Amino acid sequence: MPPNFKDQNEYFYHGGWTPEMDNLLLTSILREKQMHSFEGTVIPVEFLYEAEATIEEETGVRVNRDDVYNRLQFLEHRYRSFKGLVDHAGTRWDKPSNKVFASEKTWTAILKNSEFIGAYTVDGEPGFKQMQMLFSGDGLKQNKNQEVITISDTTVEDVEIDKTNRLGKVHVRGQSSSATLNPSNRFDEVGNISDRESSNGKQVASCASSSPNAWRHRPYE
Numbered sequence: 001m002p003p004n005f006k007d008q009n010e011y012f013y014h015g016g017w018t019p020e021m022d023n024l025l026l027t028s029i030l031r032e033k034q035m036h037s038f039e040g041t042v043i044p045v046e047f048l049y050e051a052e053a054t055i056e057e058e059t060g061v062r063v064n065r066d067d068v069y070n071r072l073q074f075l076e077h078r079y080r081s082f083k084g085l086v087d088h089a090g091t092r093w094d095k096p097s098n099k100v101f102a103s104e105k106t107w108t109a110i111l112k113n114s115e116f117i118g119a120y121t122v123d124g125e126p127g128f129k130q131m132q133m134l135f136s137g138d139g140l141k142q143n144k145n146q147e148v149i150t151i152s153d154t155t156v157e158d159v160e161i162d163k164t165n166r167l168g169k170v171h172v173r174g175q176s177s178s179a180t181l182n183p184s185n186r187f188d189e190v191g192n193i194s195d196r197e198s199s200n201g202k203q204v205a206s207c208a209s210s211s212p213n214a215w216r217h218r219p220y221e
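Residue numbers (UniProt numbering): 1 to 221.
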């Protein structure tokens, strides 16, 4: 058995975020992508505003685009971490119970690389199905004259991830947070990301890393 770690919620929810808000965020983005026939990992900026409105309407909590953007980064980190765990040799994911089984030796080796994997020692990723639909797209497709963000776009360089964001510590207006964000920042300034021109001349930004393969190949960092 793996050693005792913190409750899963202690890894996932900081600064006022809740499981309901995560579900609303993922559901809203997926719904908009389906309605507008956006495939792959492209997320038009308008979809972020829709997610903001949905969260506020359903929960009464006001968030801004910075909050939504940073939370998407963290949700992708969760997705890739859990996927790396279940793909690791010696682990078995029982989907009906959403639990991951492995020998003590295997758990020790995995947890040595990333304490965050401790979030999955009791229960698996609760939002994995939705996260997989959003973050595992094979290609990109976008409409003309749409400003978009691209999750895991390897063409984007010089992206800096604040470690606090990767731990899910985001700012919700009116509530305390250990992460420091400037609510007045424009979208091209969120997360220290500088927008670049994509190959088709449209503005894109990465919602994850300039080197997403690092997460895919080394999911426990």
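We put the beta carbon where it would ideally sit given N, CA and C, even for glycine.
Nothing here was measured: the structure is a model prediction, and the numbers come from that model.
- Residue ranges of uninterrupted beta strand (DSSP E) with 3 or more members, entirely inside the UniProt domain "Myb/SANT-like" (17-109) and ordered along the chain, are 42-44, 91-94, 99-102.
- For Lys6, there is no enclosing alpha helix (DSSP H), as DSSP gives it neither H nor E.
- In the three-state reduction of the DSSP assignment, Gly118 falls in the helix class.
- Between the C-alpha atoms of Glu57 and Glu104 there is a straight-line separation of about 45 Å.
- Tyr11 carries a helical assignment under DSSP once its states are collapsed to helix, strand and coil.
- Around the CB of Asn9, fewer than 16 other CB atoms lie within 10 Å, so the residue is classed as exposed.
- If the five residues before and after Met133 are omitted, its C-beta is found closer than 7 Å to the C-beta atoms of Leu30, all from its own chain and listed in chain order.
- Linking Ser136 to Gly40 through their CA atoms gives a straight-line distance of about 7 Å.
- With the rule of 3 Cβ pairs closer than 8 Å, the segment 81-98 does not count as touching the segment 34-50.
- Rounded to the nearest whole angstrom, the C-alpha separation of Gln73 and Phe101 is 27 Å.
- The straight-line gap separating the alpha-carbon atoms of Asn98 and Gln130 is approximately 14 Å.
- Between Trp17 and the set Phe38, His36, Val61, Val45, the nearest pair of CA atoms involves Val61.
- Only exposed fits His36, as fewer than 16 other CB atoms lie within 10 angstroms of its CB.
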